[in-house]
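Undergrad: The structure that follows is given in the form of structure tokens.
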Amino acid sequence: MDSPLSPSSARKEAGMFLTLILLLSGRSQRAMAAQRQQGVECIVFNDEYLTCMWGSKEMPTANYSLYYWYIPPRTENHMPVECKHYLQEEGINTGCWFNHSEIIQFRTFYIHINATHEGRSLVIPTKAMKLQDLVKPAPPVNLTIQNISNNQLQLTWDSMYNKPRCLEYAVRYKSNKDTRWTEHLASGKIFSFPSVDYEKYYTFYVKSKINQYCGTTQLWSEWSVPVFWGNNATDKGVAEKQAPWFWIHVVLPTASLMLILVLVILLIRMERVWVIFMPRIPNPSKNFDELFNTHQGNFPEWAGVSKDVVESFKPNYNESFCHVSELPPKEGSSPLWGGRDKPRAPPGRSSAPASSSSPGLILSKKSYVGV
Amino acid sequence: MFHVFFRSVFGILPLFIVLLPVNSSTCVMENTTVIREKYENILSHDIELLENMSEEYRDRCCRNKRHENPSAFFCNDSQEIRSLQNMACDMLKFFYKKKINKDFRWQTARVSCMTLEILHCRCDRESKNRKVCILLTQPSKDTLEAQSPKKKCCQELCELKETIASLRSCWNKFEKEIAR
Chain A
1 MDSPLSPSSA
11 RKEAGMFLTL
21 ILLLSGRSQR
31 AMAAQRQQGV
41 ECIVFNDEYL
51 TCMWGSKEMP
61 TANYSLYYWY
71 IPPRTENHMP
81 VECKHYLQEE
91 GINTGCWFNH
101 SEIIQFRTFY
111 IHINATHEGR
121 SLVIPTKAMK
131 LQDLVKPAPP
141 VNLTIQNISN
151 NQLQLTWDSM
161 YNKPRCLEYA
171 VRYKSNKDTR
181 WTEHLASGKI
191 FSFPSVDYEK
201 YYTFYVKSKI
211 NQYCGTTQLW
221 SEWSVPVFWG
231 NNATDKGVAE
241 KQAPWFWIHV
251 VLPTASLMLI
261 LVLVILLIRM
271 ERVWVIFMPR
281 IPNPSKNFDE
291 LFNTHQGNFP
301 EWAGVSKDVV
311 ESFKPNYNES
321 FCHVSELPPK
331 EGSSPLWGGR
341 DKPRAPPGRS
351 SAPASSSSPG
361 LILSKKSYVG
371 V
Chain B
1 MFHVFFRSVF
11 GILPLFIVLL
21 PVNSSTCVME
31 NTTVIREKYE
41 NILSHDIELL
51 ENMSEEYRDR
61 CCRNKRHENP
71 SAFFCNDSQE
81 IRSLQNMACD
91 MLKFFYKKKI
101 NKDFRWQTAR
111 VSCMTLEILH
121 CRCDRESKNR
131 KVCILLTQPS
141 KDTLEAQSPK
151 KKCCQELCEL
161 KETIASLRSC
171 WNKFEKEIAR
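From first to last, the protein sequence lines stand for chains A and B.
Here the first sequence stands for residues 1 to 371, where the numbers follow UniProt numbering.
Here the second sequence stands for residues 1 to 180, where the numbers follow UniProt numbering.
Structure (structure tokens):
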């Protein structure tokens, strides 16, 4: 393998090649900026495997290959080895995966990346690394809380890292009444919480990092699965949250219903109160007892209306008229109408025979048949 | 008579060879647990201080020299103690380099001597470097010669920075090996 290009010429070459690639592939200026800013990031995960990532799908389309070597052996004797397991994104090599046997710590680790496109190749500047300073341990597991003494808790955990003596830890905790997290460092797999409030509900997390004695790194592991504590860790906290709900949704409605029921019963039993809300409807039936009981509903009889008036209201009422006429005067006095002129009877009326001629009024009954 | 002469001469030579001071110094085996405790509780803080002092000096002059011979400060596998001894003895030579800051030289010598003490090792008997650790026991730093006027680049400083980094890395390797 040829030696790496000098930095200045490598930069010029990189610039020319990138321009060519971008012109050919039609990528935007944004991709150029992304390529310039991106470096190679290597992380050793829990001393088990190593990944070196140099790009993403936004990179120009090219064939990328990675070569690595360690020093010692001496510079002129090293033999670069190509990556055996590439990591790809949409068909483009964006990283390399190394297994445990390919990782050697406490030797200088060199990589360089070839970008090949249409027969032209470009070497991305190399980078020397110390893998012992790039170790990211696995998060702690099996978090356990114990009650030591009065108001004192002890948090313990295990580590998946094969050299736990090389680790330091950070504990993060918060109660349900706190708004911010509190962090403490711990050198061993134990943390004592001096004063705990039994009325509160606590949450604990732990993470780990290679300590200063075994390396120089700032890579913390991910936070562990949390552990909870708070007087029956799941019940008290939940019970406290359920208490207001219980009061609002159960006790209050029940008490209200009971109160309403008592008031209703009181209303019913206390007539003088009931009357206020439900005034009595007047009952005139007593005044009509005689009508219904004595006269069997005969209203005219009960009211004292005469029979004639009652009869007059009948539809076939036939009233007889009482015709009053004046008798002709005696001799010496002329009759009012003459001998032949007899008063005509009104139509529809039957005339009654004349009564004896005697001076004075003559009454004759004639019936009127109402239509 | 001649064979007596030759016998006496050639017989003594192997004896001289055996009795001659060896260039590589010796270490007395020490319990790794004791070494670890002393390193973590005492030496690690001095190494950290020395690294901080080293970072104060810009390494513009040191870039061209970085890849020349990095294996010179290599921490051999399964020979961490021997490698630490070699680095510590090598660092003692900077004690008399006037181009380097006085306090920086003093702290460098302190770390070297503490390393040798913890590992129960010593440097070459005839080397004047051994006297450095004796000088460190004196309370004042007047034994150190004053620093010469600063120059833009100091290759000795670059070499010292490399050695300090290698010493720190070798201690890390030792700790990781015994942490199993």
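Note that CB positions come from ideal geometry on N, CA and C, so glycine has one too.
These figures come from a predicted structure and were not determined experimentally.
1) Can you tell which of A/His-184, A/Phe-191, A/Pro-328 has the C-alpha that lies nearest to the C-alpha of A/Asp-158?
2) Leaving out five residues on either side along the sequence, give the residues of the same chain with a beta carbon under 8 Å from the beta carbon of A/Ile-104.
3) Compute the Euclidean distance between the alpha carbons of A/Asn-298 and A/Leu-291, then round it to the nearest angstrom.
4) By DSSP, does A/Pro-125 sit in helix, in strand, or in coil?
5) Give me the Cα-Cα distance between B/Glu-175 and A/Glu-90, rounded to the nearest whole angstrom.
6) What distance in whole Å lies between the Cβ atoms of A/Asn-93 and A/Ser-65, which are believed to be in contact at a cut-off of 8 Å?
7) Cutting at 7 Å between CB atoms, please list the residues of its own chain near B/Ser-54, excluding the five before and the five after it.
8) Quick check on A/Arg-30: does DSSP put it in helix, strand or coil?
9) Let's test the definition: count the other Cβ atoms within 10 Å of the Cβ of A/Ala-128 and tell me whether it reaches 16, buried, or not, exposed.
10) Are the beta-carbon atoms of A/Lys-189 and A/Thr-182 separated by less than 8 Å?
11) Label A/Asp-308 either buried or exposed according to how many other C-beta atoms from any shown protein chain fall within 10 Å of its C-beta, with 16 as the threshold for buried.
12) Identify whether A/Ser-159 lies in helix, strand or coil by the three-state DSSP scheme.
13) According to DSSP, what are the bridge partners of B/Thr-137?
14) I want to see whether chain A comes within less than 8 Å of B/Glu-175, judged by CB atoms only; does it?
15) Quick check on DSSP: helix, strand or coil for A/Phe-109?
16) Have a look at the DSSP bridge pairing and note the partners of A/Gln-146.
17) Using CA coordinates, which residue listed in A/His-112, A/Ile-148, A/Phe-106 is at the minimum distance from A/Cys-52?
18) Output, in chain order, the set of chain A residues within a Cβ distance shorter than 8 Å of B/Glu-40.
19) Since A/Lys-174 is in the beta strand (DSSP E), which residue starts that stretch and which ends it?
20) Any Cβ of chain B within less than 8 Å of the Cβ of A/Gln-218?
21) Can you tell me whether DSSP reads A/Arg-280 as helix, strand or coil?
22) How is A/Gln-37 classed by DSSP in three states: helix, strand or coil?
23) Name the chain A residues whose beta carbon is nearer than 8 Å to that of B/Ser-169?
24) Check the DSSP bridge columns for A/Gln-88 and list the partner residues they point to.
25) Buried or exposed: residue 372 of chain A, going by 16 or more other Cβ atoms within 10 Å of its Cβ?
26) A/Cys-166 versus chain B: which residues are under 8 Å apart at the beta carbon?
27) By Cβ distance below 8 Å, which residues in the same chain neighbour A/Pro-279 in space, the five residues on each side in sequence not counted?
28) So, is A/Trp-247 buried or exposed, given that buried needs 16 or more other C-beta atoms within 10 angstroms?
29) From which residue to which residue does the alpha helix (DSSP H) around A/Ile-265 run?
30) Using only the alpha-carbon positions, how far apart do A/Thr-116 and A/Asn-63 sit?
31) Can you pull out the residues from the region 72 to 102 of chain B whose beta carbon lies closer than 7 Å to at least one beta carbon of chain A?
32) Run the CB neighbour count on A/Arg-272, radius 10 Å, all protein chains shown included, and call it buried at 16 or more, exposed below.
33) From this set, B/Cys-158, B/Arg-36, B/Val-28, which residue's C-alpha is nearest B/Ala-179's C-alpha?
34) Please state if the CB of B/Glu-80 and the CB of B/Pro-173 are separated by a distance shorter than 8 Å.
TA: Walking through what the data contain:
1) By one-based count along the first sequence, residue 158 of chain A stands at place 158. The closest CA to that of A/Asp-158, considering only A/His-184, A/Phe-191, A/Pro-328, is found on A/Phe-191.
2) For the purposes of this step, residue 104 of chain A is taken as the residue at position 104 of the first sequence. Once the five neighbours on either side are set aside, the close Cβ partners of A/Ile-104 are Tyr-70, Leu-131.
3) Mapped onto the first sequence, residue 298 of chain A falls at position 298. Mapped onto the first sequence, residue 291 of chain A falls at position 291. The alpha-carbon atoms of A/Asn-298 and A/Leu-291 are separated by roughly 7 Å.
4) Residue numbering aside, residue 125 of chain A sits at position 125 when the first sequence is read from its first letter. Strand.
5) Within the second sequence, the letter at position 175 stands for residue 175 of chain B. Within the first sequence, the letter at position 90 stands for residue 90 of chain A. Answer to the nearest angstrom: the Cα atoms are 43 Å apart.
6) Here residue 65 of chain A refers to the residue found at position 65 of the first sequence. Here residue 93 of chain A refers to the residue found at position 93 of the first sequence. Correct: roughly 7 Å between the Cβ atoms.
7) By 1-based counting over the second sequence, the position of residue 54 of chain B is 54. Shown here for B/Ser-54: same chain residues with a beta carbon closer than 7 Å to its own, the five before and five after excluded, namely Lys-161, Ile-164 in chain order.
8) As a working note, residue 30 of chain A is residue 30 in the first sequence. Low confidence applies here, because A/Arg-30 scores a pLDDT of 40, under 50, leaving its location unreliable; read the following figure in that light. Reduced to three states, the DSSP call for A/Arg-30 is helix.
9) Residue mapping note: residue 128 of chain A aligns to position 128 of the first sequence, counting from 1. Counting every other CB atom within 10 Å of its CB across the protein chains shown gives A/Ala-128 a total below 16, marking it as exposed.
10) Indexing the first sequence from 1 puts residue 189 of chain A at position 189. Indexing the first sequence from 1 puts residue 182 of chain A at position 182. No, the pair does not count as a contact, with Cβ atoms beyond the cut-off.
11) Reading the first sequence from its first residue, position 308 is the one you call residue 308 of chain A. When all chains shown are included, A/Asp-308 counts as exposed.
12) For the purposes of this step, residue 159 of chain A is taken as the residue at position 159 of the first sequence. The three-state secondary structure of A/Ser-159, taken from DSSP, is coil.
13) Numbered from 1 along the second sequence, position 137 holds the residue referred to as residue 137 of chain B. Its beta-bridge partners do not exist; DSSP assigns none.
14) On the second sequence, position 175 is the one that residue 175 of chain B refers to. Closer than 8 Å to some Cβ of chain A, the Cβ of B/Glu-175 qualifies, so yes.
15) Start at 1 with the first residue of the first sequence, and residue 109 of chain A comes out as number 109. Strand at A/Phe-109.
16) Here residue 146 of chain A is taken as the residue at index 146 of the first sequence, counted from 1. Partner(s): A/Gln-154.
17) Walking along the first sequence from the start, residue 52 of chain A turns up at place 52. Nearest option by C-alpha distance: A/His-112.
18) Translated into positions along the second sequence, residue 40 of chain B becomes position 40. Simply Tyr-213.
19) For the purposes of this step, residue 174 of chain A is identified with residue 174 of the first sequence, where counting begins at 1. Taken as a continuous stretch (DSSP letters only), the beta strand (DSSP E) holding A/Lys-174 covers 167 to 175.
20) Counted from its first residue, the first sequence places residue 218 of chain A at position 218. So no, A/Gln-218 is outside the interface.
21) As a position in the first sequence, residue 280 of chain A is number 280, starting the count at 1. Correct three-state label for A/Arg-280: coil.
22) If you number the first sequence from 1, residue 37 of chain A lands on position 37. Any reading at A/Gln-37 is ruled out, since the residue's pLDDT is 40, under 50, leaving its predicted position unreliable.
23) Here residue 169 of chain B is taken as the residue at index 169 of the second sequence, counted from 1. Those are Phe-106, Lys-130, Gln-132, listed as they occur along chain A.
24) Looking up residue 88 of chain A in the first sequence gives position 88. In DSSP, A/Gln-88 forms a bridge with A/Asn-93.
25) Lying before the first or after the last residue shown, residue 372 of chain A is absent from chain A, which here runs from 1 to 371.
26) Looking up residue 166 of chain A in the first sequence gives position 166. By Cβ distance, chain B contributes Glu-175, Lys-176, Ala-179.
27) In the first sequence, residue 279 of chain A corresponds to position 279, counting from 1. Same-chain partners within the cutoff: there are none.
28) Numbered from its first residue, the first sequence carries residue 247 of chain A at position 247. Within 10 angstroms of the beta-carbon of A/Trp-247 lie fewer than 16 other beta-carbons, which makes it exposed.
29) Indexing the first sequence from 1 puts residue 265 of chain A at position 265. 252 to 269 is the extent of the alpha helix (DSSP H) around A/Ile-265.
30) By one-based count along the first sequence, residue 116 of chain A stands at place 116. By one-based count along the first sequence, residue 63 of chain A stands at place 63. Here the C-alpha atom of A/Thr-116 lies approximately 5 Å from the C-alpha atom of A/Asn-63.
31) Phe-74, Cys-75
32) For the purposes of this step, residue 272 of chain A is identified with residue 272 of the first sequence, where counting begins at 1. Its Cβ having fewer than 16 others within 10 Å, A/Arg-272 is exposed.
33) Counting from one through the second sequence, the residue named residue 179 of chain B turns up at place 179. Here the closest residue by C-alpha is B/Arg-36.
34) Counting from 1 along the second sequence, the entry for residue 173 of chain B is found at position 173. Counting from 1 along the second sequence, the entry for residue 80 of chain B is found at position 80. Residue 173 of chain B is actually Lys in this sequence, not Pro. Going by C-beta atoms, B/Lys-173 is nearer than 8 Å to B/Glu-80.
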